[in-house]
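Protein chains in written order, with numbering that gives the first Met the number 0: chain A, 0 to 371; chain B, 0 to 371.
Read the structure below first, then the notes.
There are 2 protein chains.
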Amino acid sequence: MTELAISRRIRATPFTNRVEAAGVKGYTVYNHMLLPASFGDIEAECAHLKQHVQVWDVAAERQVEIFGPDAEKMVQLMTPRDLSKAKIDQCFYLPLIDERGGMLNDPVATKLAPDRFWISIADSDVLYWAKGLAYGFRFEVEIFEPDVSPLAIQGPKSDELAARVFGDAVRDIRFFRGKWLTFEGTDMFVARSGYSKQGGFEVYVNDTALGEPLWDALFAAGEDLNVRAGGPNLIERIEGGLLSYGNDMTRQNTPYECDLGRFCDPWHSIGCVGRDAMIRMESDGPQRLIRGLRIHGERVPACRTAWAIISDGGEQVGQVTSAVWSPEFDTNVAIAMIDRGYWEPGRTLWVEAPDHMRPAEVTTLPFEKPDV
Amino acid sequence: MTELAISRRIRATPFTNRVEAAGVKGYTVYNHMLLPASFGDIEAECAHLKQHVQVWDVAAERQVEIFGPDAEKMVQLMTPRDLSKAKIDQCFYLPLIDERGGMLNDPVATKLAPDRFWISIADSDVLYWAKGLAYGFRFEVEIFEPDVSPLAIQGPKSDELAARVFGDAVRDIRFFRGKWLTFEGTDMFVARSGYSKQGGFEVYVNDTALGEPLWDALFAAGEDLNVRAGGPNLIERIEGGLLSYGNDMTRQNTPYECDLGRFCDPWHSIGCVGRDAMIRMESDGPQRLIRGLRIHGERVPACRTAWAIISDGGEQVGQVTSAVWSPEFDTNVAIAMIDRGYWEPGRTLWVEAPDHMRPAEVTTLPFEKPDV
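Here it is in structure tokens:
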């Protein structure tokens, strides 16, 4: 176990004091900011998340605000998803790509007004990419990081907890839609979204000073719901097939390789930087594809670097990028990028784990629930 | 002390195995990569660095390569430093700014050829900024992260150690110049530079496979020089007035506020994005300025967030962004951004440290050596 040396550069969040009081044990660093990764036992946290409700400090999902007459053109420039029919207060999962179709980030963007978007980013400086493009294109937009820090409410009891703090209006929010709801006199955007498959909300806390009061209100209201502090859970997100930018995909990967083709419509995403590359790739099909892997045998060690995947013939045909033991699925679950010709579900491949070579079975994502 | 949750997203370096074998105790995360921060006792490491020689894994200083006919125009676009007289194999400390003159990074760039630069970056995704600008301007350049990982040799015995591995040619390298020298048949760029004031080199290791052999060669050759594994040292860098992007300066600061005016020549940096803003600011002068502070009293706690600086009149007039106890200077040394009217050396101000309010004295940077 290695210590994290913390300095101002690794930014604290509006919730850090509360997270530390709740006994955080491990952080990761995400967008130059602290992101709680564990409170001591990720297996227990996974089980709790599937039964109860958790509050997550995901302030590290920083917002890039795009505001001005060219805002919509600016966002469309960055993504091959067609935004022409986007509605106000609707959220969109957006692959962001470069001129070759390489993934630069995979944020959730919200259209707040015709001339105003928040892009809730994964771990890379989308602000720099957007500012560079905007300057080059002489777009009339302002691009900045507003004082907005998402706080997630996740788990099956999320509706009940959120309703106790924000009112019953939260119950009517549809998936990937949001509403402006009031907390202590301030309107906050509350969306039905989040980095788990257990349901819930993300509250876009738009005033640092309200971070601790909101945290406290949720814990006071949720005591009988067994609310706990948590964070994105490695086990649950792999089981659910939720990709992680920087782990499971990088600039070296295209949206098609990441199985994100359903979010892309290069023919209609007029203006998108990588549109030509995407149109070519759409017809060619990908040369490798994201898949699940059940890695057989005992518990795998922590996946700190990519592990080679080997065919029966002894050739490298892919790599494992995330892996962990799943108590519910009673196997090691993993996310992998696998070459064409080797990715069909059911095939057996070999994984060069740091301890020893292990057989593994290719699966689709998300992992299918085990029969009970 | 909090644990760092490591995943593939927090990238290992070509030297990580050796760093861990050497007993690293704390990492920070820098450019999505592991950067060793401590091997257990930063005061002992500071004293050793000033007397002997250390090898630092600074692979996290990632390179952004700019290659192609428009390379020089591309680099000049990003900085208010005049590059028109730049020579081959010369290194430059480059403030990078946005259209308002806000600092985006403060790399050291090397001109490798008229059409080829490496930008050795601090902690922000300069690659995204450069790619966005290049696309917008339709510049003919390729921009990518090459397989280049700096390894630093720092301390007064650096010349001797580097000469034993790369030959006596290293001794003639002038400050911020470099030479291509051979290690195991591969030419590597070796520059007299580094993030300490104790002298030394940075080797731009341009093949991951040579990382461990070079590390081993340096330790074998340096045994009688008392060579040790180290990393950028918080005490030594504050004493020496070496700024840290993200800690001591952010997008909210201009080069003039960071006292980097001597590196800027907006009148002659034709094409620079923030040139107009810089010309205005050059004549206005900054409204706040980076300074040293001697914070009186016992050892300060770790500086994890900015600490307010208060005037005798009770107003906030600045903030401390880095602070640590210095055994050699027998005081707490700090780097601070202080408002106009309060920054003259010798003035006493008050620092709201997390434990209690402390008096502090404004100084110039670097800190002046104590009388012996």
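Yeah, the Cβ is synthetic: ideal placement off N, Cα and C, and Gly gets one too.
Have a look at the DSSP bridge pairing and note the partners of residue i.
| i | result |
| --- | --- |
| leucine 150 of chain A | A:Asp56 and A:Val202 |
| leucine 259 of chain B | Bridge partners of leucine 259 of chain B: none, in fact. |
| glycine 166 of chain B | Answer is none; glycine 166 of chain B lacks a bridge partner. |
| valine 350 of chain B | B:Ile308 and B:Arg357 |
| isoleucine 118 of chain B | B:Val63 and B:Ala108 |
| proline 35 of chain B | B:Tyr26 |
| tyrosine 244 of chain A | A:Met248 |
| tryptophan 179 of chain A | A:Phe188 |
| alanine 228 of chain A | A:Val54 |
| isoleucine 142 of chain A | A:Ile65 |
| methionine 102 of chain A | A:Ile96 |
| glycine 210 of chain A | Answer by DSSP bridge pairing: none, since glycine 210 of chain A is not bridged. |
| arginine 236 of chain B | Arginine 236 of chain B pairs with nothing; no bridge assigned. |
| glycine 291 of chain B | B:Ile334 and B:Thr362 |
| glutamine 377 of chain A | Residue numbering for chain A in the displayed model covers 0 to 371; residue 377 of chain A lies beyond these limits and cannot be assessed. |
| glutamate 2 of chain A | B:Glu2 and B:Gly25 |
| arginine 10 of chain B | B:Met32 |
Pop quiz: residue i and residue j are said to be a contact at Cβ under 8 Å. What is the actual Cβ separation, rounded to whole angstroms?
| i | j | result |
| --- | --- | --- |
| arginine 61 of chain A | isoleucine 120 of chain A | 6 Å |
| isoleucine 294 of chain A | alanine 276 of chain A | With a Cβ gap of about 33 Å, isoleucine 294 of chain A and alanine 276 of chain A do not count as contacting. |
| tryptophan 117 of chain B | glutamate 64 of chain B | 6 Å |
| arginine 375 of chain B | glycine 312 of chain B | What the structure shows of chain B is the stretch from 0 to 371, and residue 375 of chain B is not part of that stretch, so it cannot be assessed. |
| glycine 229 of chain A | valine 54 of chain A | 7 Å |
| valine 52 of chain B | glycine 245 of chain B | With 8 Å as the limit, valine 52 of chain B and glycine 245 of chain B do not qualify as a contact, their Cβ atoms being about 28 Å apart. |
| leucine 76 of chain A | cysteine 271 of chain A | 6 Å |
| leucine 364 of chain A | glycine 291 of chain A | 5 Å |
| leucine 33 of chain A | arginine 10 of chain A | 7 Å |
Mind listing the chain B neighbours of residue i? Cutoff is C-beta to C-beta under 7 Å, in chain order.
| i | result |
| --- | --- |
| aspartate 124 of chain A | Ser123, Asp124 and Tyr127 |
| serine 83 of chain A | The premise fails here: serine 83 of chain A is roughly 22 Å from chain B at the closest Cβ pair, so nothing lies under 7 Å. |
| threonine 304 of chain A | Arg7 and Ala11 |
Residues of chain B with a CB under 8 Å from the CB of residue i: which are they?
| i | result |
| --- | --- |
| tyrosine 26 of chain A | Thr1, Glu2, Leu3 and Ala4 |
| histidine 31 of chain A | Asp122, Ser123 and Gly245 |
| alanine 36 of chain A | Ala4 |
| alanine 276 of chain A | Near alanine 276 of chain A there are no residues of chain B at all, since even the closest Cβ is about 12 Å away, more than 8 Å. |
| alanine 333 of chain A | Under the 8 Å cutoff, chain B gives no residues; its nearest Cβ is about 12 Å from alanine 333 of chain A. |
| alanine 216 of chain A | Those within 8 Å of alanine 216 of chain A in chain B number zero; the least Cβ separation is about 24 Å. |
| alanine 161 of chain A | Residues of chain B passing the Cβ test: none, with the nearest at roughly 27 Å. |
Mind listing the chain A neighbours of residue i? Cutoff is C-beta to C-beta under 7 Å, in chain order.
| i | result |
| --- | --- |
| tyrosine 134 of chain B | Glu98, Leu132, Gly135 and Val272 |
| threonine 320 of chain B | Arg7 |
| alanine 20 of chain B | Within 7 Å Cβ-Cβ: nothing; alanine 20 of chain B doesn't reach chain A, min ~13 Å. |
Residues of chain B with a CB under 9 Å from the CB of residue i: which are they?
| i | result |
| --- | --- |
| valine 23 of chain A | Thr1 |
| alanine 151 of chain A | Ordered by position in chain B, no residue passes the 9 Å Cβ test against alanine 151 of chain A, which lies about 17 Å from the chain. |
| alanine 208 of chain A | Neighbours of alanine 208 of chain A on chain B: none; closest Cβ ~15 Å, over 9 Å. |
| alanine 108 of chain A | Going along chain B, no residue has its Cβ under 9 Å from alanine 108 of chain A, so there is no contact; the nearest lies around 17 Å. |
How would you list, in chain order, the residues of chain A whose beta-carbon sits under 8 Å from the beta-carbon of residue i?
| i | result |
| --- | --- |
| threonine 78 of chain B | Under the 8 Å cutoff, chain A gives no residues; its nearest Cβ is about 14 Å from threonine 78 of chain B. |
| leucine 103 of chain B | Tyr127 |
| alanine 112 of chain B | Simply none; closest approach about 24 Å. |
| alanine 307 of chain B | Result: empty, since nearest Cβ-Cβ is about 13 Å, beyond 8 Å. |
| alanine 58 of chain B | What alanine 58 of chain B touches in chain A: nothing, since even the nearest Cβ is about 14 Å away. |
| alanine 43 of chain B | Those within 8 Å of alanine 43 of chain B in chain A number zero; the least Cβ separation is about 16 Å. |
| alanine 352 of chain B | By Cβ distance, chain A contributes nothing, its closest Cβ being about 14 Å from alanine 352 of chain B, past 8 Å. |
Could one say the Cβ of residue i lies closer than 8 Å to chain D's Cβ atoms, at least one of them?
| i | result |
| --- | --- |
| alanine 70 of chain B | As a matter of chain content, chain D is missing from the structure shown, whose protein chains are A and B. |
Just the chain A side, please: which residues come within less than 9 Å of residue i by C-beta, in chain order?
| i | result |
| --- | --- |
| alanine 373 of chain B | In the structure as shown, chain B begins at 0 and stops at 371. Residue 373 of chain B is therefore absent and cannot be evaluated. |
| alanine 359 of chain B | Going along chain A, no residue has its Cβ under 9 Å from alanine 359 of chain B, so there is no contact; the nearest lies around 17 Å. |
Do the region 143-154 of chain B and the region 81-90 of chain B make contact, defined as three or more Cβ pairs closer than 8 Å? no
I want to know whether the region 48-67 of chain B touches the region 17-32 of chain A - three or more CB-CB distances under 8 Å. no
Inspect the CB distances between the region 295-310 of chain A and the region 4-24 of chain B and report whether three or more fall short of 8 Å. yes
State whether the region 97-106 of chain B contacts the region 163-176 of chain B, with contact taken as three or more CB pairs (one from each stretch) at a distance under 8 Å. no
Counting Cβ pairs, one atom from each stretch, are 3 or more of them under 8 Å apart for the region 69-79 of chain B and the region 130-140 of chain B? yes
Residue ranges of each alpha helix (DSSP H) within the region 313-352 of chain A, 4 or longer: none
Counting pairs of beta carbons, one from the region 347-355 of chain A and one from the region 256-264 of chain A, are three or more of them closer than 8 Å? no
With contact counted as at least three CB pairs below 8 Å, one residue from each stretch, are the region 120-132 of chain B and the region 183-190 of chain B in contact? no
Flag this pair as touching only if the region 238-250 of chain B and the region 204-214 of chain B have three or more C-beta atom pairs under 8 Å; answer yes or no. no
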